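Here is the structure we will look at, set down as structure tokens.
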């Protein structure tokens, strides 16, 4: 009898596991690109999203700068059907700046800051149909110059998604921030918008094109950045993704080119 009870218990457990797997939402990562989807992680699941490599090149009349970073990390945990808790770290970065007149080269490196946030989906937590969410966040200055901001900041994102046609989807991602001043002693208004169109190809591939613009009203000087971005994501299975992105600067205030490579895994 004891053996039969064990077999029965294992059968029930297997049934629950199969049902849970069947009810899992389609994989949905924040990566790649700058536009953020409205989806939330399934209850009780953890998703890890990592930037393995990021390179950006900037140049103006005085300076040429190369920025490298690795280890950018985002942990997402499903609290309930429509709410997720999030912890993000900006990773570790290196900068190389060269004066174009004198040839002098300056190097810097340091760890990035920590961002805590929650995402509350308000409609369609699987990011299907017309879906939207709200995502407040606060960034804690645990990093070091020149990567860390040196003081806290806070903001809110309002991701929105809608189907354009079969296998085509629009994502809009407005954002407002109390951003750190350049002198690291206060905050100012910054706001941004990312708009992406994504094409799904089969069950494994997604290709995206997006436009991004950000206005930064720092007291030391106002600045507008803009880019045109292209991304590709491949899912070898239902719980894993590999992605690559290219960001092309659309004005002189934006890095001329940025290359990004990363992975995501759901547990």
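Numbering (mature numbering (1 follows the signal peptide of the UniProt record, and there is no 0)), first residue to last: -22 to -1, 1 to 245. Just so it is clear, CB atoms sit at the ideal spot from N, CA and C, and this is done for glycine as well. Computed from a predicted structure; not experimentally measured.
Are residue i and residue j close, meaning C-beta to C-beta below 7 Å?
i	j	result
residue 214	residue 105	no
residue 154	residue 175	no
residue 186	residue 209	yes
residue 18	residue 103	yes
residue 56	residue 22	yes
residue 245	residue 51	no
residue 11	residue 223	yes
residue 66	residue 90	no
residue 156	residue 147	no
Residue i to residue j, Cα distance in whole Å?
i	j	result
residue -1	residue 242	The predicted model places residue -1 with a pLDDT of 47, which falls under 50 and marks its position as unreliable, so this point remains unresolved.
residue 27	residue 93	14 Å
residue 13	residue 82	37 Å
residue 192	residue 31	23 Å
residue 249	residue 120	In this structure the chain extends from -22 to 245, so residue 249 is not present and cannot be described.
residue 84	residue 3	48 Å
residue 207	residue 182	21 Å
residue 199	residue 71	25 Å
residue 188	residue 169	17 Å
residue 43	residue 216	39 Å
residue 262	residue 194	A query on residue 262 cannot be resolved here, the shown segment of the chain reaching from -22 to 245 and no further.
residue 36	residue 73	11 Å
residue 8	residue 143	22 Å
residue 203	residue 76	22 Å
residue 226	residue 33	12 Å
residue 247	residue 38	Outside the shown range of the chain (-22 to 245) lies residue 247, about which nothing can therefore be said.
residue 211	residue 48	19 Å
residue 232	residue 20	36 Å
residue 88	residue 237	20 Å
residue 149	residue 139	4 Å
residue -19	residue 109	Confidence at residue -19 is low in this model, with a pLDDT of 39, below 50, so the placement of that residue is unreliable and no value is reported for it.
residue 122	residue 129	10 Å
residue 201	residue 53	31 Å
residue 228	residue 173	15 Å
residue 5	residue 78	46 Å
With respect to the beta strand (DSSP E) encompassing residue i, which residues constitute its N-terminal and C-terminal limits?
i	result
residue 25	24 to 37
residue 81	Counting along the chain, residue 81 falls outside any beta strand (DSSP E), and DSSP gives it neither H nor E.
residue 202	201 to 215
residue 171	165 to 179
residue 189	183 to 194
residue 114	109 to 118
residue 158	146 to 158
residue 221	218 to 227
residue 101	92 to 101
residue 138	138 to 143
residue 67	61 to 67
Round the Cβ separation of residue i and residue j to the nearest angstrom and send it over; I've been treating them as touching at under 8 Å.
i	j	result
residue 247	residue 145	The requested residue 247 is not part of the displayed model; the chain covers only -22 to 245.
residue 151	residue 137	5 Å
Tell me whether the region 93 to 105 and the region 56 to 65 touch, counting them as touching only if at least three CB pairs, one residue from each stretch, are closer than 8 Å. yes
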